[in-house]
Structures are given as structure tokens and as C-alpha cells.
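Its first residue numbered 946, the sequence shown is counted upward by one per residue in my numbering.
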Amino acid sequence: MKKITKRILTVSTLAIAVSAVPQVSAANWSDTFVGYRYGTEFTEPKNNKDITKHILSLTHVSGYDYGQNFFNLDLLQSDENDPAAGTKNDGALEAYVTYRHQLHLGKVFDADLSFGPVKEVALTAGLDLNTKNTGVAPRKKMLVIGPTLKFDVPKGFLDLSVLYAHERNHNAFNNPEDITFNDYTVYNLSWGLPFNVGVVPMKFQGFGNYNTAKGKGTTDEQLVRTSLMVDVGQLAFNKSNTVWAGVGYEYWRNKFGIQGVDGLDTDAATVNLEWHF
946 MKKITKRILT
956 VSTLAIAVSA
966 VPQVSAANWS
976 DTFVGYRYGT
986 EFTEPKNNKD
996 ITKHILSLTH
1006 VSGYDYGQNF
1016 FNLDLLQSDE
1026 NDPAAGTKND
1036 GALEAYVTYR
1046 HQLHLGKVFD
1056 ADLSFGPVKE
1066 VALTAGLDLN
1076 TKNTGVAPRK
1086 KMLVIGPTLK
1096 FDVPKGFLDL
1106 SVLYAHERNH
1116 NAFNNPEDIT
1126 FNDYTVYNLS
1136 WGLPFNVGVV
1146 PMKFQGFGNY
1156 NTAKGKGTTD
1166 EQLVRTSLMV
1176 DVGQLAFNKS
1186 NTVWAGVGYE
1196 YWRNKFGIQG
1206 VDGLDTDAAT
1216 VNLEWHF
């Protein structure tokens, strides 16, 4: 437990340090929230059982004159069907960090880069880091960079990115244990679309990734994670964007690009909560 705690702190500190790098100008807007997801139908490779997970997250997004930042930390607690290393009844604990920075090129070059439904072109760069206290003991380190098309939608955002990815990971059962994959491409669609149904404020949000194969016997991978949320704070307390509640769904195929074993496909419904502050 000490090792996983130390890794979580290391991963979190590094990601927070990256996200805190001073920008060209101060933030014009920001949104920070604590989230919670719960589901009973998650899966893991080489495991034919449904896994219950409690997922606590910390998310921060902000924008400044020339771009924007996104930071997310997920802490995932599994039940005994996904055991921690050396145990039978203790579920595994995982930490997963994502950081992305968008540099809006139209703003940087003071030029109108809009065309058709696209309002802006950005350069996106960032990293993913993870650690988990299972027997495999994964320690993912991934760097990404590539262009993003930002679509002109009435409210919220809709972004399409094509990212070059360089990934290194760890597998305690592999020889050698540290694995550097072939570089690959991530096609990412992300969205956050607020709307109203009568007097009920809602939002449809999420992302979808299509990852090409990355060598070492892998195949292509698809992941979609989305949710439909209601602004409970606005309805109950007349305070918008404070408390959200809703339902979500995770669709994952060929998890981690692995082939030929159980537990590679996920279809998991979730209950979702967010507290913005």
C-alpha cells in the first residue's frame, strides 16, 4: 500500500506541476470540480468477471488569451474481482492523470483560421500517467501532440484532434518489464454541450478515442466515455453549475490494444455526480 500511495503522490505532483506552469497571460475563465462515478460492469484483461468500481476525480479546465488547459486525476477503487497484488479480497487501486494544453493558433498569429463549421485551429500537447497496484503493476507514461479542429457550436465545445502518441509502460510479467511501444495515432473527439429540456438545464459531455495499433502484438483500440447530466444545483438551490447528477456509459473495445484474452470489452453504465467550486 505504501508503494501505490507513493506512486499516486508522485504522479499527482508531476501533473499538477505541469498544469501550473505560468501561461503567457492570466486565466480568463476556469472551472474546477470533484466528480464521482460508480458502476458494476467494468472489465480488465485476463479477467472474466464483472468489476465494481468507485471512481473519484478532480478536474480543472481554464482558458487564457492564447489557449486553454485541461487537467484530470482519476482515483479508481475496484472490488475484490480486480484484486490488488498479493491479496484475494482487497480491490486494486489505480491513479490516472491526464493533462492537455491547447494553443489556439488563430489567436497566436492574429489570423482568422476558421473554415466551414470550424471556428479555430489549435495545437494540442499533453501527457497521460498512471499506476495501479495489481500484479502487472502498470506505470503508463504517454506523450501526445497534434492538431485540433474546434467546431462552432451554439453552446459549449466540440473538438476533433489527431494526436501523435509515444507510450512507455510496465508489465511485471514481461521480460523486459518496461515496454516502449511503437508510436501510434490517437483520433480524439471531445464534447461538452449544454442544453435545456423545458426549464431543466442539462449537458451532454464526453470523449471518444480511436487508437491505432502500437506494435508488440497489439491491435486498434476504441474507448468512448460519456454522460448526460442535470444541473441539480440550479433546480434545487438556484445556483447554476454547482451540483450536477446524471448517468454515464463507458464503451471500450480491445482494452489497451490487447488481443485474444477475456475482459477486453467493456459496456458499463455509471451513476455520475459533480461538485463545481
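Beta carbons are placed, not taken as given, at the ideal position from N, Cα and C, and that holds for glycine.
Small disclaimer: the values here were computed from a predicted structure and weren't measured.
Item checked: Beta-carbon proximity check, A1067 vs L1050, cutoff 9 Å -> A1067 places its beta carbon less than 9 Å from that of L1050.
Checklist line | Endpoints, the beta strand (DSSP E) within which G1193 is located | finding: Start and end: V1188 to R1198.
Check: Q1013 lies in the beta strand (DSSP E); which residues open and close that run?
Finding: G1012 to S1023
Margin query: Taking 7 Å as the limit between beta carbons, can you name the residues of its chain near Q968, skipping five residues before and five after?
Written below: Summary for Q968: the model assigns pLDDT 46, below 50, so the residue's position carries little reliability, and this model does not support an answer.
Check: When the distance is taken between beta carbons, is T1069 closer than 9 Å to T1256?
Finding: Residue 1256 lies beyond the residue range present for the chain, which begins at 946 and ends at 1222; the question has no answer from this structure.
Item checked: Close Cβ partners of E986 (< 6 Å) along its chain, the five nearest in sequence each way excluded -> D995 and A1213
Checklist line | Bounding residues of the alpha helix (DSSP H) (the contiguous stretch that carries V1053) | finding: Segment L1050 to V1053, the alpha helix (DSSP H) holding V1053.
Next item on the list: Whole angstroms is fine: what's the gap from R1170's alpha carbon to N1120's?
Entry: 33 Å
Check: Can you find a CB in chain C that lies within less than 9 Å of the CB of Y1196?
Finding: No chain C is part of this structure, which consists of one protein chain only.
Next item on the list: For the stretch 1038-1094, list the beta strand (DSSP E) runs that are entirely contained and at least 3 residues long, ordered along the chain.
Entry: 1038-1049 and 1063-1077
Margin query: Just to confirm my understanding: we take H999, look at its own chain, exclude 5 residues before and 5 after, and list those with CB closer than 7 Å. What are they?
Written below: Spatial neighbours of H999 in its own chain (CB-CB distance under 7 Å, excluding positions within 5 residues in sequence) are listed in chain order as Y983 and Q1022.
Margin query: Please list the terminal residues of the continuous beta strand (DSSP E) segment that includes F1182.
Written below: Premise fails: F1182 lies in the alpha helix (DSSP H), V1177 to F1182, not in any beta strand (DSSP E).
Next item on the list: Assign F987 to one of three DSSP states: helix, strand, or coil.
Entry: strand
Next item on the list: Provide the residue span of the beta strand (DSSP E) that contains P1146, from first to last.
Entry: V1145 to N1156
Check: beta strand (DSSP E) containing K1033: first to last residue?
Finding: Counting along the chain, K1033 falls outside any beta strand (DSSP E), and DSSP gives it neither H nor E.
Item checked: Through-space distance from D1210 to N1133, alpha-carbon basis -> 19 Å
Check: Rounded to a whole number of angstroms, what is the C-alpha to C-alpha distance between V966 and G1036?
Finding: With a pLDDT of 47 at V966, under the threshold of 50, the modelled position of that residue is not reliable, and no figure is offered here.
Next item on the list: Could you pull the start and end residues of the beta strand (DSSP E) that P1139 belongs to?
Entry: Y1129 to V1142
Margin query: DSSP has N1217 in a bridge; who is on the other side?
Written below: Its beta-bridge partners are R982 and G1191.
Item checked: Burial state of S1172 (16 or more Cβ within 10 Å) -> Classification of S1172: buried, given that the 10 Å Cβ count is 16 or more.
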